[in-house]
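Participant:
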Amino acid sequence: MAPYVAQFVPVKLDTSSDEYREFRRNHESEGNSIPKVFIVRADGETMFGQSTSLPGAQMAEVLGACLSNCGRVLSEREVVALDEAATEIATLREQGETAEAIKALKRAGKFGTPGQLGSFAQPAIAVDEQALALHEEAMALLEPVALRLGMQPEDEAEETAEAEVVEDEAGRIAALQEFLVIEEQFEGLGSIRDAVRMVTRHISRDDQLKGLSRALKALDRAESARSLSSVERSMNDLIELLEDYPEGAMHEMIMTAGRALNAEKERLEVEQAASGDG
Numbered sequence: 015m016a017p018y019v020a021q022f023v024p025v026k027l028d029t030s031s032d033e034y035r036e037f038r039r040n041h042e043s044e045g046n047s048i049p050k051v052f053i054v055r056a057d058g059e060t061m062f063g064q065s066t067s068l069p070g071a072q073m074a075e076v077l078g079a080c081l082s083n084c085g086r087v088l089s090e091r092e093v094v095a096l097d098e099a100a101t102e103i104a105t106l107r108e109q110g111e112t113a114e115a116i117k118a119l120k121r122a123g124k125f126g127t128p129g130q131l132g133s134f135a136q137p138a139i140a141v142d143e144q145a146l147a148l149h150e151e152a153m154a155l156l157e158p159v160a161l162r163l164g165m166q167p168e169d170e171a172e173e174t175a176e177a178e179v180v181e182d183e184a185g186r187i188a189a190l191q192e193f194l195v196i197e198e199q200f201e202g203l204g205s206i207r208d209a210v211r212m213v214t215r216h217i218s219r220d221d222q223l224k225g226l227s228r229a230l231k232a233l234d235r236a237e238s239a240r241s242l243s244s245v246e247r248s249m250n251d252l253i254e255l256l257e258d259y260p261e262g263a264m265h266e267m268i269m270t271a272g273r274a275l276n277a278e279k280e281r282l283e284v285e286q287a288a289s290g291d292g
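Per the numbering used here, the very first residue in the sequence shown carries number 15; after that it's consecutive.
1. In three-state terms, what does DSSP make of M61?
2. To the nearest angstrom, how far is the alpha carbon of F134 from that of M249?
3. Relative to the C-alpha of G58, which candidate in T214, A209 and R39 has its C-alpha closest?
4. Using the beta-carbon count (16 or more within 10 Å), is A175 buried or exposed?
5. Would you call D142 buried or exposed, if buried means 16 or more other Cβ atoms sit within 10 Å of its Cβ?
6. Consult DSSP for S133 and reduce its assignment to one of helix, strand or coil.
7. Could you tell me which of G202, A138, D234 and V54 sits nearest to T270, measuring between CA atoms?
8. So, with DSSP's three-state summary, where would you put K231?
9. Determine the closest residue to G204 out of A74, K117, V51 and A288, with distance taken between C-alpha atoms.
10. First and last residue of the alpha helix (DSSP H) that includes K120?
11. Identify the residues that DSSP records as bridge partners of I53: which are they?
12. Go through its chain and collect everything with a Cβ distance to A100's Cβ below 7 Å, but skip five positions before and after it.
13. What is the C-beta distance between V51 and L68, in whole angstroms, given that I count them as a contact (C-beta under 8 Å)?
14. In the DSSP output, what is E44 paired with across the bridge?
15. Going by beta carbon distance, what residues of the same chain come within less than 7 Å of L194, once the five residues before and after it are set aside?
16. Is it buried or exposed, D28, if we count other Cβ atoms within 10 angstroms and call 16 or more buried?
17. Can you tell me whether I4 is buried or exposed, with buried defined as 16 or more other CB within 10 angstroms of its CB?
18. List the residues that DSSP assigns as beta-bridge partners of G85.
19. I believe Q21 touches L81 by the beta-carbon criterion, under 8 Å. Please report the beta-carbon distance rounded to the nearest angstrom.
20. Does the distance from the CB of E75 to the CB of T60 come in under 8 Å?
21. Just to confirm, are L255 and A232 a CB contact at a threshold of 8 Å?
22. So A263 packs on A184, CB below 8 Å; how close in whole Å?
23. Helix or strand or just coil, what does DSSP make of R39?
24. When you compare each of R281, L96 and Q199 to H149 by their alpha carbons, which one comes out closest?
25. With 16 as the cutoff for other CB atoms within 10 Å, does E237 come out buried or exposed?
26. For T112, which residues from the same chain have a beta carbon less than 6 Å from its beta carbon, with the 5 sequence-adjacent residues on both sides left out?
27. Which value, in whole angstroms, describes the spacing of the CA atoms of V180 and V213?
28. Measuring alpha carbon to alpha carbon, tell me which residue in F125, A104 and I48 is nearest A147.
29. Assign R240 to one of three DSSP states: helix, strand, or coil.
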């Protein structure tokens with residue numbers, strides 16, 4: 015009995031008390047006599063309810079059978095940590111801090127796989143729900159972008175009117191930019207890793223998308239250049255890109271980035287000269 019009893023919290027209720035009457039509103043039992051024995055799972059599900067007084071061996075058998083359907087039993091430390099994690103993740107999501115919420119979810123991963131913790135304890139369920147919510151939020155953004163980039167839906171009968179494939183350069187650039195933002199925003203969310211890889215593979219197999227993706231990443235590096243050496247490297251990269259994009263939407267983006275780099279280079283040279291004079 016001892017190994018089983020250690021997995022449960024025994025509670026004794028007086029059948030004439032208000033607490034018992036409240037308890038019975040949610041938990042049914044077989045028979046009307048007393049004593050009554052109830053075994054209730056962490057999520058409130060009644061696993062056993064009978065009017066009976068079970069001898070030790072039979073009680074051990076019942077406890078063992080119920081325990082096999084009770085999911086993972088958490089330690090007190092795990093309960094506290096998961097409760098804090100669920101609260102933190104929910105708060106960060108409400109604040110729009112998706113990347114930070116994912117980091118908090120990953121920290122909770124030391125107690126198991128978020129979304130599949132396998133426990134009926136409320137803190138574990140709350141973390142699983144937050145993991146599912148983040149997954150659904152990511153997929154709701156990713157799936158229409160993937161369709162616009164020309165990927166076929168898993169269900170061929172799926173309605174795609176709201177996410178038509180874009181063929182023009184400007185439209186494909188916009189879809190790629192959205193994908194790159196989603197990829198960065200949900201980086202670390204393991205449940206969408208395969209879906210992101212599928213989009214990345216699709217991009218790599220389409221020459222135009224592959225080239226535009228490479229150009230967008232070069233533009234991103236140019237925007238973050240903050241030293242003379244990085245500015246000059248980015249300027250060389252943009253000059254090479256102009257050979258591939260002599261006109262069109264990407265050409266205009268490269269020219270705009272080039273003007274910004276020229277201005278940044280002038281600023282850095284003035285700053286460097288002033289520093290040298292000093």
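Yeah, the Cβ is synthetic: ideal placement off N, Cα and C, and Gly gets one too.
Facilitator: Quick look at the numbers:
1. As a first step, residue 61 is located in the sequence shown; it is residue number 47 there, counting from the start. Strand.
2. Residue 134 sits at position 120 when you count from the first residue of the sequence shown. Residue 249 sits at position 235 when you count from the first residue of the sequence shown. Whole-angstrom Cα-Cα distance: 57 Å.
3. As a position in the sequence shown, residue 58 is number 44, starting the count at 1. Looking from the CA of G58, the closest CA among T214, A209 and R39 belongs to R39.
4. Your numbering for residue 175 matches position 161 in the sequence shown. The predicted position of A175 is uncertain, since its pLDDT is 46 and thus under 50; a value taken from the coordinates is nonetheless stated next. Under the 10 Å beta carbon count, A175 is surrounded by fewer than 16 other beta carbons and is classified as exposed.
5. Residue 142 sits at position 128 when you count from the first residue of the sequence shown. Counting every other CB atom within 10 Å of its CB across the protein chains shown gives D142 a total of 16 or more, marking it as buried.
6. By 1-based counting over the sequence shown, the position of residue 133 is 119. The answer is strand: DSSP assigns S133 an E or B state.
7. The count along the sequence shown starts at 1 and reaches residue 270 at position 256. Closest option to T270, Cα to Cα, is D234.
8. Sequence index remark: in the sequence shown, residue 231 carries index 217 (1-based). Of the three classes helix, strand and coil, the one that applies to K231 here is helix, per DSSP.
9. Here residue 204 refers to the residue found at position 190 of the sequence shown. Minimum Cα distance to G204 is reached at K117.
10. By one-based count along the sequence shown, residue 120 stands at place 106. From DSSP, the alpha helix (DSSP H) with K120 extends over T112 to A122.
11. Within the sequence shown, numbered from 1, the residue matching residue 53 stands at position 39. F62.
12. One-based indexing of the sequence shown puts residue 100 at position 86. Only P137, A140, V141 and Q144 meet the Cβ criterion.
13. Working through the sequence shown from its first residue, we reach residue 51 at position 37. Working through the sequence shown from its first residue, we reach residue 68 at position 54. So it is a contact: roughly 6 Å between Cβ atoms.
14. Position 30 of the sequence shown, counted from the first residue, corresponds to residue 44. Q64.
15. If you number the sequence shown from 1, residue 194 lands on position 180. The residues are L230.
16. As a working mapping, residue 28 is identified with position 14 in the sequence shown. Result: exposed.
17. With the chain covering only 15 through 292, there is no way to say anything about residue 4.
18. For the purposes of this step, residue 85 is identified with residue 71 of the sequence shown, where counting begins at 1. Per DSSP, the beta bridge partners of G85 are S133.
19. Mapped onto the sequence shown, residue 21 falls at position 7. Mapped onto the sequence shown, residue 81 falls at position 67. At roughly 6 Å, the Cβ-Cβ gap stays under 8 Å, so Q21 and L81 are in contact.
20. As a working note, residue 75 is residue 61 in the sequence shown. As a working note, residue 60 is residue 46 in the sequence shown. No, Cβ-Cβ distance for E75 and T60 is not below 8 Å.
21. Translated into positions along the sequence shown, residue 255 becomes position 241. Translated into positions along the sequence shown, residue 232 becomes position 218. The answer is yes: Cβ separation under 8 Å.
22. Here residue 263 corresponds to residue number 249 of the sequence shown, with the count starting at 1. Here residue 184 corresponds to residue number 170 of the sequence shown, with the count starting at 1. Their Cβ separation, rounded to whole angstroms, is 4 Å, which keeps A263 and A184 in contact under 8 Å.
23. The count along the sequence shown starts at 1 and reaches residue 39 at position 25. Three-state result, R39: coil.
24. Working through the sequence shown from its first residue, we reach residue 149 at position 135. Checked all of R281, L96 and Q199; the closest Cα to H149 is Q199.
25. The residue you call residue 237 lines up with position 223 of the sequence shown. Exposed is the call here.
26. Position 98 of the sequence shown, counting from 1, holds the residue named residue 112. Within the same chain, T112 has close Cβ partners Q199.
27. Within the sequence shown, numbered from 1, the residue matching residue 180 stands at position 166. Within the sequence shown, numbered from 1, the residue matching residue 213 stands at position 199. Distance between the alpha carbons of V180 and V213: 15 Å.
28. Locating residue 147 in the sequence shown gives position 133, where the first residue counts as 1. The residue with the shortest Cα to Cα distance from A147 is A104.
29. By one-based count along the sequence shown, residue 240 stands at place 226. Residue state, collapsed to three classes: coil.
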